Amino acid sequence: MDGSDRRRGMAVLTEEGMSYRKRVHLTKMAVCMAFLVAAFLLLIVGMADASRIKEIGYINGSRTNQLIGYGLVIGLGGTGDKANTIFTNQSLANMLETMGIRVDPKTTKVNNVAAVMVTCNLPPFARIGSRLDVTVSSIGDAKSIEGGVLVTTPLKGADGNVYAMAQGPMIVGGFLASGQGASVQKNHPTVGRIVNGATIEREVLSEDYKGSDITIALKTPDFTNARRVADRINETFGGGAHAKDAGTITVKIPADMRSNPVQFVSMVENLDIKTDTQAKIVVDEKTGTVVIGENVRVSTVVISHGNISVQIKEDSKVSQPMPFAQGRTVVTPDTQISVREDRGKFYLLEAGISLRELVNALNATGISTRDVITILQTIKASGALHAELEVI
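Following the numbering used here, the numbering of the sequence shown begins with 946 at its first residue and continues without gaps.
Laid out in structure tokens, this is it:
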């Protein structure tokens, strides 16, 4: 073998070694990526049922407040309240009188004005001059408030004080077009919204955070969740949290953080806990909706459900007399009734079945949602359903 062949052989060996090392490196990277993905999925599964404290409770009672006001929408193209709407005419007359114009509300006939209720939510810690979105809803017989402008309307709280003033053109997510013989309507043209339509004029007094402790009020009182919130805070800050009852947790601010309570509150409200839910089934008989909670359990029970179908068919027969019989034509009813009863099947539900097994068992019966509601009510009456059944 000459020198050139030897050099070519060494080059081939070198390339094979580099290729092998590259494959080993890529394999290690793939293993690391797979490990990271698996760890991320396990983290997601572990946090699937977790919620932050800020989602399940209020800090020091900081919550939104509802505001409401009565006002007028003007500039409508003939779609406002009718002339016999007394409160609209009276409100228009009162508004004009404040401007030095006196009119008789009984003789006032306009159809481009509508009486409305204005509502909005005042968030906590809102300051004077901040802007709020408002919702405008017609309370008269106006056909549409599209294209109208809300006249300055004071918004009051539950204590009767004015906290904001609303005014401006509205955005209506629908329309109404009508003629003499037909009309077309989309969504609700009698409800509109004004973005940044209200200005805050009065602040809601909020509790000061300069003290040595804070209070967490759970939105849904529950002893288990209250204990878990207190335990989670104690694990993070080394103590200081105490659950007073099912809906209140008191937390002492650490001494080294009392100079910056906002930072402490931010850390507390972002702590996550695994929330516990009450075993409950909610049914809406009007729409046939059934919502089953996770912790619902059923004792051993046997279910049999059979339907009875009754079909009634009405028909009329005309009895015509023969010629020259001097009789009368008589209409006689013909009613046909048929009754069909489905053969019922028995289904066994074992004790302590999971939510998935309960749903599969109900689906296996092949019945409608309204029949499911009847079955759930019957199981509850038998004492085999270990959950609260709420009908709305």
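All C-beta atoms, glycine included, are put in the ideal place defined by N, C-alpha and C. Bear in mind the structure is a predicted one, so any value in this text is a computation, not a measurement.
Residues that residue i bridges to, as DSSP identifies them
| i | result |
| --- | --- |
| R997 | D1217 |
| V1063 | G1014 and V1081 |
| V1117 | G1137 |
| D1279 | D1260 |
| K1131 | F1120 |
| I1019 | V1058 and V1094 |
Range covered by the beta strand (DSSP E) that runs through residue i
| i | result |
| --- | --- |
| M1110 | V1107 to P1114 |
| L1041 | Note, L1041: premise wrong, no beta strand (DSSP E); alpha helix (DSSP H) at I1031 to T1043. |
| E1335 | E1333 to V1336 |
| G1002 | G1002 to I1004 |
| P1068 | First-last for P1068: undefined, no H or E at that position. |
| A1162 | D1158 to L1163 |
Residue i (DSSP reduced to helix, strand or coil)
| i | result |
| --- | --- |
| S1075 | coil |
| T1009 | coil |
| S1322 | This sequence places Gln at residue 1322; Ser is not what is there. Helix, per DSSP. |
| T1053 | coil |
| E1302 | helix |
| H1261 | The sequence shown places Ser at residue 1261, rather than the His named in the question. The answer is strand: DSSP assigns S1261 an E or B state. |
| S1089 | coil |
| R1138 | strand |
| G1328 | coil |
| L1150 | coil |
| T1098 | strand |
| T1144 | strand |
| V1048 | coil |
| D1316 | helix |
| T1169 | helix |
| A1103 | coil |
| A1309 | helix |
| L986 | Unreliable positioning characterises L986 in this predicted model, as indicated by a pLDDT of 42, which lies under 50. A coordinate reading is not provided. |
Assumed close pair residue i, residue j - CB separation to whole angstroms, cut-off 8 Å
| i | j | result |
| --- | --- | --- |
| A920 | G1233 | Nothing can be reported for residue 920, as the shown portion of the chain is limited to 946 through 1337. |
| I1145 | G1113 | The pair is not a contact, with the Cβ atoms about 15 Å apart (cut-off 8 Å). |
| L1303 | V1243 | 6 Å |
| V1196 | I1159 | 5 Å |
| L1067 | Y1108 | 6 Å |
| G1102 | L1012 | 6 Å |
| G1020 | A1111 | G1020 to A1111, Cβ: 16 Å. No contact. |
| V1079 | T1064 | 7 Å |
Start-to-end residues for the alpha helix (DSSP H) that takes in residue i
| i | result |
| --- | --- |
| E1295 | From DSSP, E1295 is part of no alpha helix (DSSP H); its letter is neither H nor E. |
Only counting runs of 3 or more residues, tell me where the beta strand (DSSP E) segments fall wholly within the stretch 1172-1250, in order along the chain.
-> Those beta strand (DSSP E) runs which fall completely within the stretch 1172-1250 and span 3+ residues are 1186-1188, 1193-1197, 1217-1219, 1225-1229, 1234-1237 and 1246-1250.
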